[in-house]
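Okay, so here's the structure we're looking at.
In the numbering used here, the protein residues as written are 940 to 1072.
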């Protein structure tokens, strides 16, 4: 019994350390994107939304759609009439937009990138840290 329990504990500890290093804490790997980011900052009642994607050397086009969202209960709702969108016919794209007259609450920026490599593509959703005002 003690041997079985000891072996079980060794396995749990080994898997925990493995998870922390290689699986759980690892940065996402993408097929065509080298990096993506979605950043939200709020000053006073004005949000600044910046989304960036950098593709690898095979990337031919990148599109981004930004959604500025506010939390209500456990759900998120867009605070703009239409999402912001942009595209670039190369391997890098930075999109910057702002929204003023925000009311108090918790906000986030959700960006959906589509990264193209010829006729292939991948879609990546990146969500910013939440900001409360």
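Even for Gly, the Cβ is constructed at its ideal location relative to N, Cα and C. Since the model is a prediction, treat every value here as computed from it, not as a measurement.
Under the rule that a run must span 3 or more residues, the beta strand (DSSP E) segments found entirely inside the segment 1010-1042 read 1014-1017, 1023-1027, 1031-1038.
Beta-bridge annotation (DSSP): residue 1001 is paired with 1027, 1054. Beyond the five residues adjoining it in sequence on each side, residue 981 comes within less than 6 Å, by CB distance, of 1070, 1072 in the same chain, given in chain order.
For residue 983, no beta strand (DSSP E) segment is defined, and its DSSP state is neither H nor E. The C-beta separation of residue 1046 from residue 1022 comes to about 14 Å, leaving the pair out of contact by the 8 Å criterion.
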